[in-house]
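Numbering (my numbering), first residue to last: 665 to 882.
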């Protein structure tokens with residue numbers, strides 16, 4: 665099922681200021697002031713260079729605002745908020761200091777593509793009988809309106825037995841949410857255990873099949 669809990673941060677405000685300089689040296693100067701350089705772009709507007717307070721951006725990220733959340737961005741003290749998502753975040757590989765952020769301005773009446781985590785609940789009867797749960801995909805891409813982004817896709821595996829598989833077509837969707845995968849795309853499966861598979865050595869006849877010595881002559 666699709667979780668109805670949305671991850672929109674429409675009550676969260678982030679303030680930004682326009683910057684006119686670009687390059688490594690001006691970017692380092694901004695970081696020394698507790699700011700991080702950013703770019704805002706969207707399908708209907710040209711890119712604009714911004715500067716954001718690191719402390720405010722950290723708050724957004726800690727509240728789950730990376731990649732799947734829409735929040736309000738105010739530029740240069742404007743009264744009109746821009747609904748945006750964090751599209752890309754660059755950090756230093758060692759210090760994890762924020763280096764740069766890309767914001768994407770969304771249209772609230774136009775569907776967007778986002779990746780949503782797959783959450784597994786329950787314990788399948790197949791696993792209890794010795795089977796092995798294989799999760800093929802731990803997140804799925806969905807298309808939906810910006811104010812209807814689900815927090816996760818929950819799959820209950822309680823009734824899955826050995827040999828059962830969950831495909832995209834088996835996941836119930838709510839509202840106007842779609843999963844743009846092939847309907848037979850495999851999300852997870854309950855298979856026989858590795859021990860059972862290896863129990864039949866290569867070349868060893870499977871029970872019920874004649875061996876070469878027992879095979880009837882042609």
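Glycine included, every Cβ here is placed at the ideal spot set by N, Cα and C.
Please name the residue or residues paired with residue i in a DSSP beta bridge.
i           : result
residue 745 : Residue 745 pairs with nothing; no bridge assigned.
residue 806 : 778
residue 712 : 704
residue 681 : 715
residue 766 : 703 and 752
residue 831 : 850
residue 842 : 807
residue 784 : 819
residue 798 : 853
Skipping 5 residues on each side, what residues in its chain have a beta carbon closer than 6 Å to that of residue i?
i           : result
residue 746 : 737 and 769
residue 764 : 701 and 754
residue 679 : 738
residue 707 : none
For residue i, which of helix, strand or coil comes out of DSSP?
i           : result
residue 690 : helix
residue 725 : helix
residue 854 : strand
residue 793 : coil
residue 736 : strand
residue 668 : Residue placement at residue 668 is flagged as unreliable, the pLDDT there being 43, under the threshold of 50; a coordinate-derived value is accordingly withheld.
Buried or exposed for residue i, going by 16 or more other Cβ atoms inside 10 Å?
i           : result
residue 853 : buried
residue 732 : buried
residue 749 : buried
residue 724 : buried
residue 799 : exposed
residue 844 : exposed
residue 790 : buried
residue 788 : buried
residue 757 : exposed
residue 814 : buried
residue 810 : buried
residue 742 : exposed
Quick one: what's got a C-beta closer than 7 Å to residue i's C-beta in the same chain, skipping five residues either side?
i           : result
residue 699 : 715, 716, 717 and 718
residue 861 : Because residue 861 sits at a pLDDT of 48, beneath the cut-off of 50, its placement in the model cannot be relied upon, and the point is left open.
residue 730 : 750 and 753
Sufficient close CB pairs (3 or more, under 8 Å) joining the segment 803-812 to the segment 768-782: With the cut-off at 8 Å, the segment 803-812 and the segment 768-782 touch.
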